[in-house]
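Notes to accompany the following structure.
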Ligand code: PHE
């Protein structure tokens, strides 16, 4: 038995030298040390030996086993090392190499404009709010001094919401897509927190589509209501906005106009950036504005009927409102020459990436 054990040990020690990889080594381990392996086979003879011989053989068998195990562990470690080294070759990484720039997006240019508008009015204490896009007739028209069937409504080419084939109607009238952010005026008054300094920026919808109209667009609506608010505050606020948004050299003017929900009403004009408000010279009129002024949008002093609709006493409170298109205002800013407003919403990355 001793001979067999010695032979087994020597056999293993020479076989282990030829092993090339981890799988081969594992095979060898099972063959020699496994439960049904060669060593176990020889050990089966132990019980049949005489008592003192059995002790000697037992401890010799253990020595052999230990020798085999040591050789196995050494082979295992060195294979592992070889493996690591070859992986180091393949997976070598130069951490000083410049990286690949991950593709990062940026905010849509309309979103950028919204943030800029909001930041300017925030400095005057106007609080950003958002009122519904899907709106009742009451807030979009009726409470804004535009009774049912009033022809003034025609200007707001309105989308109506149908439930199946039938126009959707509720307690506050027909359901529409709000055609302007003025729907936020009475909603804001109804909150009952006075005074009001609101800037309502939201999507609006009108049934129009051409180079200067998109059926979905944005407006920002300013509303200030307090005791003794006058046209002077309206003019000062808009002048502050115009100088901060367009540039310190721009001037504004108020031109009389008519809206049902403001009295008096104005269109706000701003001096043209191309001719600097001159309208051109003797040789030619300005190709952009023709008379030195560009139209920004509507504004006015809140009509007493609108204040009443918002549960405010017109003898106690006065206020002003203005509501302008975000896209229009943004495109008027120098340098933005966008031929078709709808390009903003075609989601063509070649266009959007430029901003
Ligand atoms: N809501 C008007 C529009 O969409 C603009 C406006 C707002 C006018 C507030 C006066 C006061 O044209």
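Residue numbers (the numbering used here): 19 to 373.
For each residue, glycine too, the CB sits at the ideal point set by N, CA and C.
Practice item. Tell me whether residue 91 is buried or exposed, calling it buried when 16 or more other Cβ atoms sit within 10 Å of its Cβ. Key: exposed
Check your understanding: Where do the ends of the beta strand (DSSP E) carrying residue 218 lie?
Key -> 214 to 223
Review point. Cβ of residue 163 within 8 Å of Cβ of residue 264?
Key: One thing to note: residue 163 has its Cβ no nearer than 8 Å to the Cβ of residue 264.
Check your understanding: Taking one C-beta from the region 234 to 251 and one from the region 202 to 211 each time, how about it: are there three or more such pairs within less than 8 Å?
Key -> yes
Check your understanding: Would the beta-carbon of residue 280 be found less than 7 Å away from any heavy atom of the ligand PHE?
Key -> yes
Exercise for review: Please determine if the region 211 to 218 and the region 264 to 273 are in contact, where contact requires at least 3 C-beta pairs separated by less than 8 Å.
Suggested key: no
Point to revise | Option nearest residue 271 by Cα separation, candidates 289, 259, 283 and 282 | key: 289
**Study point:** Cβ distance (whole Å) where residue 56 is taken to contact residue 97 below 8 Å
**Key:** Not really, about 22 Å apart at Cβ, beyond 8 Å.
**Study point:** Separation of residue 301 from residue 254, as counted between CA atoms
**Key:** 35 Å
Point to revise | Other residues of its chain near residue 180: CB distance less than 8 Å, five sequence neighbours each side excluded | key: 186
Check your understanding: What's the call for residue 192, buried or exposed, on a 16-neighbour Cβ count within 10 Å?
Key -> Counting the other Cβ atoms within 10 Å of the Cβ of residue 192 gives 16 or more, which makes it buried.
Check your understanding: So does the region 289 to 299 actually touch the region 310 to 325, counting three or more Cβ pairs closer than 8 Å?
Key -> yes
Review point. With a Cβ-Cβ cutoff of 8 Å, do residue 229 and residue 358 count as a contact?
Key: yes
**Study point:** DSSP-derived helix/strand/coil call for residue 269
**Key:** coil
Point to revise | Buried versus exposed, by CB contacts within 10 Å (16 or more), residue 196 | key: When all chains shown are included, residue 196 counts as buried.
Review point. Beta carbon of residue 284, beta carbon of residue 142: below 8 Å?
Key: Residue 284 is not a Cβ neighbour of residue 142, given a cutoff of 8 Å.
Review point. Under the three-state reduction of DSSP, which class applies to residue 274: helix, strand or coil?
Key: strand
Exercise for review: Using only the heavy atoms of the ligand PHE, determine whether one of them is closer than 7 Å to the beta carbon of residue 300.
Suggested key: No; taking the cut-off as 7 Å, the Cβ of residue 300 has no heavy atom of the ligand PHE nearer than that.
Exercise for review: Starting from residue 183, trace the beta strand (DSSP E) both ways and give me its first and last residue.
Suggested key: Element bounds for residue 183: n/a, residue is neither H nor E.
Point to revise | 6 Å CB neighbourhood of residue 348 in its chain, flanking five on each side removed | key: 131
Point to revise | Same chain only: Cβ atoms within 7 Å of residue 194, ignoring 5 sequence neighbours per side | key: 153, 155, 158, 176, 177, 178 and 179
**Study point:** CA-to-CA distance, residue 336 to residue 210, given in whole angstroms
**Key:** Cα to Cα, the separation comes out at about 15 Å.
Point to revise | Heavy atom of the ligand PHE within 7 Å of residue 237 beta-carbon | key: yes
Practice item. For residue 161, verify whether its CB is less than 7 Å away from any heavy atom of the ligand PHE. Key: no
Practice item. Classify residue 37 as helix, strand or coil using the three-state DSSP reduction. Key: coil
Point to revise | Inter-residue Cα distance where the pair is residue 144 and residue 323 | key: 23 Å
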